[in-house]
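Under full-length UniProt numbering, the first residue of the sequence shown is numbered 1, with each subsequent residue one higher.
Ideal Cβ placement from N, Cα and C applies to all residues, glycine included.
Each remark here refers to the structure printed beneath this line.
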Amino acid sequence: MENVNIHPHPKERNLKLCNNYRTIALISHASKILLRFIMKRIERKLEHEVQAGFRHGRGTRDHILT
1 MENVNIHPHP KERNLKLCNN YRTIALISHA SKILLRFIMK RIERKLEHEV
51 QAGFRHGRGT RDHILT
């Protein structure tokens, strides 16, 4: 689960410039699931319950309606 393969993928035809590449990280499915689970637990601890702005699944309507 610790190995991540990073492959450069060209964006444009001029392959001599480093800025013309984007990186693609290949990670196993088990690692993706584990990382998503850990991130959700961390987000719940860091974000206050009353915060609605810039929070996934929440908006200003949540504060207006309560």
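When the Cα atoms are used, Y21 and G59 turn out to be separated by approximately 36 Å.
S28 and G57 have their alpha carbons spaced roughly 27 Å apart. A distance of 8 Å or more separates the beta carbons of T23 and P10.
About 4 Å separates the beta carbons of L26 and N5, which is inside the 8 Å limit, making them a contact pair.
Distance from the CA atom of R13 to the CA atom of G53, rounded to whole angstroms, is 41 Å.
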